[in-house]
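Numbering (this note's numbering), first residue to last: 496 to 742. Read through the structure below, which is laid out as structure tokens, and then see the notes.
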């Protein structure tokens with residue numbers, strides 16, 4: 496068995512003295528593992544950092560085997576992350592969240608989104624918004640998509656302000672007001688575009704976005720797999736709020 500694909504490094508697990516098991520998000524084959532021989536060498540160690548782009552050749556006798564990777568680096572991003580605590584925590588958080596995706600389950604849309612997000616992270620506000628939108632896409636890929644397009648009670652598409660924590664459907668500010676203590680706030684940056692000129696999200700808006708996606712990721716994805724959400728996510732949000740203001 497053999498295939499070639501582009502991939503983004505998610506993580507590395509030591510295997511013996513000089514080898515390691517590489518976990519990567521591939522373009523066509525989803526999250527995929529394979530053994531990299533000599534992974535701890537100076538040449539390969541720099542390439543096998545979270546967020547870097549690789550061209551992988553995977554070989555195995557049978558498809559169900561772990562197999563081994565031949566690695567060709569095609570994009571170095573990890574060094575830049577070391578200069579930005581927000582970028583580093585964002586990359587670590589996204590890599591950890593992708594472990595909620597079943598191994599070898601193709602998600603080309605998540606690969607493309609991850610590649611774009613990793614190219615843009617750094618600014619607190621932009622990073623916060625990118626991570627929340629990525630988490631919404633991840634929920635969709637896991638079959639837990641939210642419906643933020645219209646009010647579940649009235650069908651209205653304007654002034655949406657709430658989300659049901661049970662159904663994941665939006666509600667307008669007026670229709671949801673009697674149930675506000677049981678609903679999750681929907682920050683304006685996630686509501687459908689209505690022609691209004693909304694200001695960029697601040698720390699409070701981004702925290703509401705993290706709370707919204709975090710609720711569904713924890714309840715419907717992580718807990719069902721016996722996992723917790725990555726602790727780096729909380730640290731990332733704290734840095735984002737500090738940098739974005741308005742928390």
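In this text, a Cβ means the ideal position worked out from N, Cα and C, and glycines have one as well.
- Annotation: the segment 658-690 contains the following complete segments of the beta strand (DSSP E) (minimum length 3 residues), in chain order: 664-667.
- Residue 514: member of the beta strand (DSSP E) spanning 514-521, first to last residue.
- Residue pairing by DSSP places residue 510 opposite 514 in a beta bridge.
- For residue 581, the enclosing alpha helix (DSSP H) stretches over residues 580-592.
- If you draw a 10 Å sphere on the C-beta of residue 624, you find 16 or more other C-beta atoms in it, and that means buried.
- Take the alpha-carbon of residue 528 and the one of residue 642: they are about 33 angstroms apart.
- Distance between residue 584 and residue 592, taken at the CA atoms: about 12 angstroms.
- Secondary structure of residue 638 (DSSP, three-state): coil.
- For residue 554, the enclosing beta strand (DSSP E) starts and ends at 548-554.
- In this structure, residue 533 lies away from residue 563, with their beta-carbon atoms at least 8 angstroms apart.
- For the options 739, 738, 740, 730, the alpha carbon positioned closest to that of residue 587 is the one of 730.
- Cβ-Cβ separation between residue 681 and residue 655: approximately 6 angstroms, consistent with a contact (criterion under 8 angstroms).
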